[in-house]
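When you read off a place in the sequence shown, starting at 1, and then add 22, the result is the number in our numbering.
Backbone N, C-alpha and C define an ideal beta-carbon position, used for all residues, glycine too.
Since this is a predicted model, take the numbers as computed values, not measurements.
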Amino acid sequence: MVEESEVYSSRKEGVYFEAKKSKGRLTDDFWPTYSAFANTFGGTIVLGLEEDPNDKKKLIPVGIKDTDKIIKDLWDQINNPQKASVNILTDNDIKVVEEDGNDLIVITVPRAERRKRPVFVNSSLNNGTYRRNGEGDYHCSLSEISEMMRDASNDPPDSLLCTKVLLKDLDSRSIDAYRQILNNRNPQHPWNKLPSDEFLRVLGAAEKDENGNMVPTIAGLMMFGFDYSIRREVPNYMLDYFRYVSSNQDWRDRITTDSGEWSGNLFEFYNMVSVRLQLENDRPFELNGDIRNDESEILKAEREAVMNGITHADYGVPGGVRIELRPDRLVVRNPGTFRIPIRTAEAGGVSDPRNPNVMKMFMLIGFVERAGSGISRMRDACRSLGIAMPVIEETMEPLAVTVTMGINPTATGQVPKNSYTDILQYLKMNPDAMLEDMSKMFGLSVSTMSRRISKLKKDGALKREGPGRGRWVVNTDMDQ
């Protein structure tokens, strides 16, 4: 059935959209784009469009002569492992539309689930794996392919045994401090009386190797090791915290694994950053033993952001975890990509941490309240305080996830007004915002907000791009 078309020829090719002529047959250039969209953020491929010979920035519909033939050819090839490593399309992802009397084939390529990546074509993992950037499809490097293969594995990287580091290379002070918090939190816990080696084993921080020797796991090493030992096993491991007192000045305080002034492990880093978040924002707190009693919801949300960065980081990717505390916002960047759809993470209840053993260790001492609740807790805290929703950005160059959350209602994270300009500014910061979120933030009914969004789209100031529900894209020429 031919459906009525949105005007695909008016769109511009980019990260989420690609046009192919493919007038008489499915051309070979379809497959790199299929791989690229599947390995990046997903996207839409429209067959039957070509560049306007008089204006290369515009597209014109030329149509498909025999849509049934091309669609059949597509299904035949995509289900052939010699052509595509996996078929991630369903019948609902392909439709025929009409534009200016021409039939177009619209193919929505979802982002592949992590266990199916990398998606490659032409039977070549090294030469047939692509990703997408603003300039089109590009061949993935061997390191990018390795990153996707690590994520596809059911064996978490932090469960691996160390081969170059021994138990004696761990920081005993960090282990003792951790055990003290556990004892204060739960004096009757059966692990409190275990000897150190056995405690580390049941915790998942150590295990016997093939020779029967007790050695640290990668999780145990990153949690309790010294920086120089950690980097022997995890060369790209890096942790950084910066505090800025204004937007135009250099940092005033820094915690870095390069300093040599502290252990450099995740446990001590999280504790040091947590104290900084309390002190630098003038938020007093009480201690019950070594257990913190905090009343500030925004402080809890900040800690959630830091914990998310630590437990979801891909420490095999360069860049390290970087945290910036600024007067108006907290920025947490961790290397790696999202392992589940961002919208699923925002809804909460689904947990797929890249370092589940590290998360379990933090959870045991109460530093993680509930797996899969981090982003939803951040959003709930910001909503209750009238602060703009956290902005979550995933990039491929560099390969990283960045969470930016406002922490001061009187600064850039201020409560939005409800003019059209304010709505556009808000959506620039929150491209994944749902209509219900916008309604609550602006104090408008869902129907009123829907009418304002419709007007902005009609005026060309706003559009929706990307697969599925997509993301908001603001026309920067019209948001002033």
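Through-space distance from D50 to D454, alpha-carbon basis: 33 Å
So, R298 versus Y263, is the Cβ gap smaller than 8 Å? yes
Nearest-angstrom Cα distance between M170 and N176? 12 Å
Hey, would you say Q99 sits closer than 8 Å to K91, going by beta carbons? no
My understanding is that I127 touches I86, with C-beta atoms under 8 Å, so please give their C-beta distance in whole angstroms. 6 Å
Kindly indicate which three-state DSSP category G85 falls into: helix, strand or coil? coil
C-alpha distance - L484 paired with L478, whole-angstrom precision: 6 Å
Which residues does DSSP pair with F142 in a beta bridge? T151
Check M460 in the structure and name its three-state DSSP category. helix
Close-in-space but distant-in-sequence residues of the same chain around P140 (CB under 6 Å, 5 per side omitted): N61, T151, I167, M170
What's the C-alpha gap between F307 and L301? Any answer about F307 is weak, because its pLDDT of 44 lies below 50 and its placement is not dependable; what the coordinates show is given next. Using only the alpha carbons, I get a separation of about 9 Å.
Check for me: the alpha helix (DSSP H) holding T470 runs from which residue to which? 468-480
If we ignore side chains and look at the alpha-carbon of each, how far apart do N148 and N155 end up? 19 Å
DSSP state of A483 mapped onto helix, strand, coil: coil
What is the DSSP secondary structure of V128, reduced to helix, strand or coil? strand
Tell me where the beta strand (DSSP E) around T66 begins and ends. 65-69
Between P83 and G36, what straight-line distance do the alpha-carbon atoms span, to the nearest angstrom? 18 Å
With DSSP as the reference, please indicate the residues paired to R137 in a beta bridge. In the DSSP output, where bridge partners are listed per residue, R137 has none listed.
Exposure of E317, with buried meaning 16 or more beta-carbon neighbours within 10 Å: Only weak support is given to the placement of E317: the predicted model assigns it a pLDDT of 49, under 50, and the question is left unresolved by the model.
So A327 and V354 are supposed to be a Cβ contact under 8 Å. How far apart are they, rounded? 5 Å
Just how far apart, CA to CA, sit K78 and A58? 23 Å
Note down, in chain order, each residue of its chain lying with its Cβ closer than 7 Å to the Cβ of V339, except the 5 sequence neighbours on either side. E169, N258, P357, G358, L421
Please list the segments of the beta strand (DSSP E) lying wholly inside the region 155-189, counting only runs of 3 or more residues, in order along the chain. 158-161
In angstroms, rounded to a whole number, what distance separates the CA positions of G282 and L182? 26 Å
Using CA coordinates, which residue listed in A228, A134, M383, K382 is at the minimum distance from T185? A228
Rounded to whole angstroms, how far is the Cβ of L449 from the Cβ of V496, which I believe are closer than 8 Å? 6 Å
Contacts around R361, its chain only, beta-carbon distance under 7 Å, and the 5 residues preceding and following it disregarded: R136, D173, D374, R376
How should N330 be labelled, buried or exposed, when 16 other C-beta atoms within 10 angstroms of its C-beta is the threshold for buried? buried
Neighbourhood of H211 by C-beta, 8 Å cutoff - its chain only, sequence neighbours within 5 removed: L204, N205
Nearest-angstrom Cα distance between L164 and R254? 21 Å
G46 versus R473: straight-line alpha-carbon distance, rounded: 42 Å
Per-residue burial, Y250 [other beta carbons within 10 Å of its own, 16 or more giving buried]: exposed
Simplified DSSP assignment, three categories, for K123: A quick correction: the sequence has Gly, not Lys, at residue 123. In this structure, G123 counts as coil in the three-state DSSP scheme.
Buried or exposed: P238, going by 16 or more other Cβ atoms within 10 Å of its Cβ? buried
Between the CA atoms of K117 and I475 - distance to the nearest angstrom: 27 Å
Would L243 pass as a contact of F291 if the rule is Cβ separation under 8 Å? no
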